[in-house]
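Every letter in the sequence shown is one number past the one before it in the UniProt record's numbering, and letter 258, counting from 1, is 258.
No residue lacks a Cβ here, since even glycine has one placed at the ideal position from N, Cα and C.
Below is one structure, written out as structure tokens, with a few remarks after it.
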Amino acid sequence: MNEEFEEVNTSLNTEASSGEVENLNPVEENPQGKKKVHKSLAIALYVFIGIIVGTSITMAISKSYIDTQNAKIMQNADSKLSYLENLIDAYYYNDVDQETLQNGAYHGVFESLEDPYSQYFTPEEYEEYSSVVNGNFGGIGAGLQKDADTGEVVVTKVYADSPAEKGGVKEGDIIVSADGHKGVNYSLEDYVSKYLRGDEGTEVTIVIDRDGEEIEITLVRDIIEVETVSYKMLDDNIGYIQISQFTGSTDKEFEKAFEDLQAQGMTSVIYDLRNNGGGIVDTATNILDYLLPKGTVMYTMDKAGNRRDYNSDASHKEIPTVVLVNGNTASSAEIFTGAIRDFKYGTIIGTQTYGKGIVQTSFKLQDGSAIKLTTNKYYTPSGECIHGQGITPDVVIEYEFLGGEDDEYAVEFDNQLQKAIEVLRQ
1 MNEEFEEVNT SLNTEASSGE VENLNPVEEN PQGKKKVHKS LAIALYVFIG IIVGTSITMA
61 ISKSYIDTQN AKIMQNADSK LSYLENLIDA YYYNDVDQET LQNGAYHGVF ESLEDPYSQY
121 FTPEEYEEYS SVVNGNFGGI GAGLQKDADT GEVVVTKVYA DSPAEKGGVK EGDIIVSADG
181 HKGVNYSLED YVSKYLRGDE GTEVTIVIDR DGEEIEITLV RDIIEVETVS YKMLDDNIGY
241 IQISQFTGST DKEFEKAFED LQAQGMTSVI YDLRNNGGGI VDTATNILDY LLPKGTVMYT
301 MDKAGNRRDY NSDASHKEIP TVVLVNGNTA SSAEIFTGAI RDFKYGTIIG TQTYGKGIVQ
361 TSFKLQDGSA IKLTTNKYYT PSGECIHGQG ITPDVVIEYE FLGGEDDEYA VEFDNQLQKA
421 IEVLRQ
């Protein structure tokens, strides 16, 4: 499914502007201080270098609602910002670029909310953001996680045939700096956007820390096209489907994987959502509609009490199911997990999920800039808001790598995956 756009009149500046409310996946850091993933665990937290930091969901809202709210906004607008700009222009001792000044003010407005999920985008930032959501961008082809305790930027996945792989970057490496800029000094979103993503063919020099040794590597950025679903058949006709995040194409990728495994004789299935940071809510609910019988798979509620239901029709798939989760399973991935649990459709195995139960809405403005606001809470089918607490699995089991120090990741070395196989064999 491609991203859906709804035309609305935002009117959030001095001109009458026409904008859009979009189903896009915002970028955020881990607010709960989750531990970084063991380097042997091959499922990365899909905080991509040139990809997306995905622990967030977005939704569309109606044009009539936007029109009503915008009328109120314009009634309360005043010219204080313009007055301050004029004072600076007239009296500040140096010349000031007006666009830079204005963008600084707009960014400051959203920083004052103290909400890591709400932000302002310049036109350039929003164009890059949108291209990343669509899964086609310039970068180095690696997944990242920011360690909440140390602030270090940790490599959690390296993509095959990517610049990162060609340059020798490995899972578990710490990116100390990129072109001289230290990762600990920035939010993950800003660091990736400013210093790691970039145009195809451009270079970036990174310094990595590998087991205490610093290594300098120069990488040539390339176009990274991300497939978010991977799958294979395990022993005993157990299908395995890993979903890295929910982008605009994930639902179609998922259906192809499911049908291919069915054709191979799949009799039960494991959905691996470990380190899936979320994504587009409509994509997650489309997959739930494909799998689940008739009912409400989730709903959202705004501060005025307006409720929106996301429903599944009667057609569904009857198959024994396990969902694997961990502390980095977030947002849309938790919507998926919560619906599977509440419909009693499958068994949840792993550790407590992230606990991201709020929704962002993106508004594109006439000049190409955009804003993203937290607008709603979401609820599982049973009426639970999991924000700040997450979902407790039916079977709680911490991840343990069962192989030796020199062993690469394999199915038989993943104790959580082995537990899922055991449950399906019972």
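Determine the DSSP secondary structure at residue i, reduced to helix, strand or coil.
i, result
"Ile335", "helix"
"Thr300", "strand"
"Asn30", "Confidence at Asn30 is low in this model, with a pLDDT of 36, below 50, so the placement of that residue should be treated as unreliable; the coordinate-derived value is given next. Looking at Asn30 - three-state DSSP - the assignment turns out to be coil, as it is neither helix nor strand."
"Val96", "coil"
"Ile88", "helix"
"Leu81", "helix"
"Lys419", "helix"
"Gly404", "coil"
"Asn306", "coil"
"Asp367", "coil"
"Val411", "helix"
"Lys170", "coil"
"Gln426", "coil"
"Phe137", "strand"
"Ile52", "At Ile52 the pLDDT is 34, less than 50, meaning the model places this residue with poor confidence; the figure from the coordinates comes in the next sentence. Ile52 falls in the coil class under three-state DSSP."
"Leu113", "coil"
"Ser162", "coil"
"Gln102", "helix"
"Leu12", "Residue placement at Leu12 cannot be trusted, given a pLDDT of 34 that sits under 50; the coordinates are not used to answer."
"Ile386", "coil"
"His316", "coil"
"Ile391", "coil"
"Ile397", "coil"
"Asn76", "With a pLDDT of 49 at Asn76, under the threshold of 50, the modelled position of this residue cannot be trusted; read the value that follows with caution. Three-state DSSP puts Asn76 in a helix."
"Gly295", "strand"
"Gly180", "coil"
"Gly143", "strand"
I need the straight-line Cα distance from residue i to residue j, nearest angstrom please.
i, j, result
"Leu101", "Gly368", "17 Å"
"Asp89", "Leu81", "12 Å"
"Thr374", "Ile238", "39 Å"
"Lys146", "Gly172", "12 Å"
"Val269", "Thr321", "5 Å"
"Gln418", "Glu114", "42 Å"
"Leu424", "Gly383", "28 Å"
"Glu408", "Val229", "21 Å"
"Gly108", "Tyr191", "18 Å"
"Ser312", "Glu334", "17 Å"
"Ile224", "Ala164", "11 Å"
"Thr218", "Ile140", "10 Å"
"Pro293", "Leu273", "21 Å"
"Lys377", "Gly390", "13 Å"
"Gly248", "Leu288", "15 Å"
"Ile297", "Asp309", "Residue identity differs from the one stated: residue 297 is Val in this sequence, not Ile. Computed Cα separation, rounded: 8 Å."
"residue 435", "Thr156", "Here the chain covers residues 1 to 426 and nothing more, so residue 435 does not appear."
"Gln264", "Ile241", "14 Å"
"Gly104", "Ser193", "17 Å"
"Val396", "Gln352", "8 Å"
"Gly295", "Met266", "26 Å"
"Glu405", "Val154", "20 Å"
Span of the beta strand (DSSP E) holding residue i?
i, result
"Tyr120", "119 to 121"
"Gln360", "358 to 364"
"Glu213", "213 to 220"
"residue 457", "Nothing can be reported for residue 457, as the shown portion of the chain is limited to 1 through 426."
"Ala330", "It is not in any beta strand (DSSP E) - Ala330 carries neither H nor E in the DSSP assignment."
"Lys372", "370 to 379"
"Ile348", "347 to 350"
On the DSSP letters alone, give me the boundaries of the alpha helix (DSSP H) that residue i sits inside.
i, result
"Thr150", "Taken as a continuous stretch (DSSP letters only), Thr150 belongs to no alpha helix (DSSP H), as it is neither H nor E."
"Ile287", "281 to 291"
Since residue i and residue j are thought to touch, with beta carbons under 8 Å apart, how far apart are those beta carbons, to the nearest angstrom?
i, j, result
"Gly138", "Asp222", "7 Å"
"Gly346", "Ile386", "At roughly 17 Å, the Cβ-Cβ gap does not stay under 8 Å, so Gly346 and Ile386 are not in contact."
"Asn286", "Ile243", "12 Å between Cβ atoms; not a contact."
"Arg359", "Thr283", "At residue 359 the sequence reads Val, which differs from the Arg that was named. No, Val359 and Thr283 are not in contact; Cβ-Cβ is about 14 Å, not under 8 Å."
"Ile208", "Val176", "6 Å"
"Pro381", "Ala410", "Not a contact, Cβ separation roughly 36 Å."
"Glu124", "Arg197", "That pair is no contact at about 12 Å."
"Phe258", "Gly279", "Between Gly279 and Phe258 the Cβ distance is about 18 Å, and since that is not below 8 Å, they are no contact."
"Asn328", "Gly350", "About 10 Å; that fails the 8 Å criterion."
"Tyr106", "Tyr117", "The pair is not a contact, with the Cβ atoms about 16 Å apart (cut-off 8 Å)."
Can you find a CB in chain B that lies within less than 8 Å of the CB of residue i?
i, result
"Thr375", "Looking for chain B here will not work: only one protein chain is present."
Restricting to runs no shorter than 3 residues, where is the beta strand (DSSP E) found entirely within the region 185 to 265? Whole beta strand (DSSP E) segments, 3+ residues: 203 to 210, 213 to 220, 222 to 225, 229 to 233, 238 to 243.
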